[in-house]
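The next block holds one structure in the form of structure tokens; read it before the comments.
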Amino acid sequence: MLDKTTRINALYDFYQELLTEKQRSYMEMYYLEDFSLGEISETSNVSRQAIYDNIRRTEQMLEEYEQKLGLYQKFLARQSLLKEISDIADERNDEQLKTKIEAIIEIE
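Quick note: the sequence shown, position 38, residue 1054 per our numbering, numbers continuous.
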């Protein structure tokens, strides 16, 4: 379950601007603020089932966006390469290269 939550949170970070305000609100309450479906239902004055359905549809949408655009997968690949380059810079004690790597990581 933790892996799914971590993945959905990451996908949400990348694709949240493509969601409606209501979808963002429900996802934030459920995944970021750790509200239960019942708590979201009470807060939103919508049935628990409607909240559940909306969250599941939104999860599917996030997965479809990732399948089509691949932003999260590309991010992970860049992070892996940066780690490898950083290790090489450490081995060579190359301060200039370390500084450039840190600048790239800050941009990410």
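By construction, the Cβ of each residue, glycine as well, lies at the ideal position given by its N, Cα and C atoms.
Task: Segment contact, 8 Å Cβ cut-off, at least three pairs: the region 1092-1104 with the region 1039-1048 - done: no
Open item on the list: Check whether the region 1100-1107 and the region 1076-1089 touch, using three or more Cβ-Cβ pairs below 8 Å as the test.
Closed with: no
Task: Outcome for Leu1078 when other beta-carbon atoms lying within 10 angstroms are tallied against a minimum of 16 - done: buried
TODO: Identify whether Gly1054 lies in helix, strand or coil by the three-state DSSP scheme.
DONE: helix
- [ ] May I ask you to report which of helix, strand or coil DSSP gives Ser1102?
- [x] helix
Open item on the list: Quick check on Leu1034: buried or exposed, where buried means 16 or more other Cβ atoms within 10 Å of its Cβ?
Closed with: exposed
- [ ] Give the range of the alpha helix (DSSP H) segment to which Leu1035 is assigned.
- [x] Leu1035 -> no alpha helix (DSSP H), and no H or E assigned at all.
Open item on the list: For Phe1030 and Tyr1088, which I take to be in contact (beta-carbon distance under 8 Å), what is that distance rounded to the nearest angstrom?
Closed with: 5 Å
TODO: Pick out whichever of Glu1111, Glu1080 and Glu1118 has its Cα sitting closest to the Cα of Leu1098.
DONE: Glu1118
- [ ] Name the residue from Met1043, Lys1038, Thr1036 and Glu1037 whose alpha carbon lies nearest to the alpha carbon of Thr1022.
- [x] Met1043
TODO: Counting only the same chain and skipping the five closest in sequence on each side, list residues whose C-beta sits under 7 Å from that of Ile1056.
DONE: Tyr1042, Met1045, Tyr1046 and Ile1067
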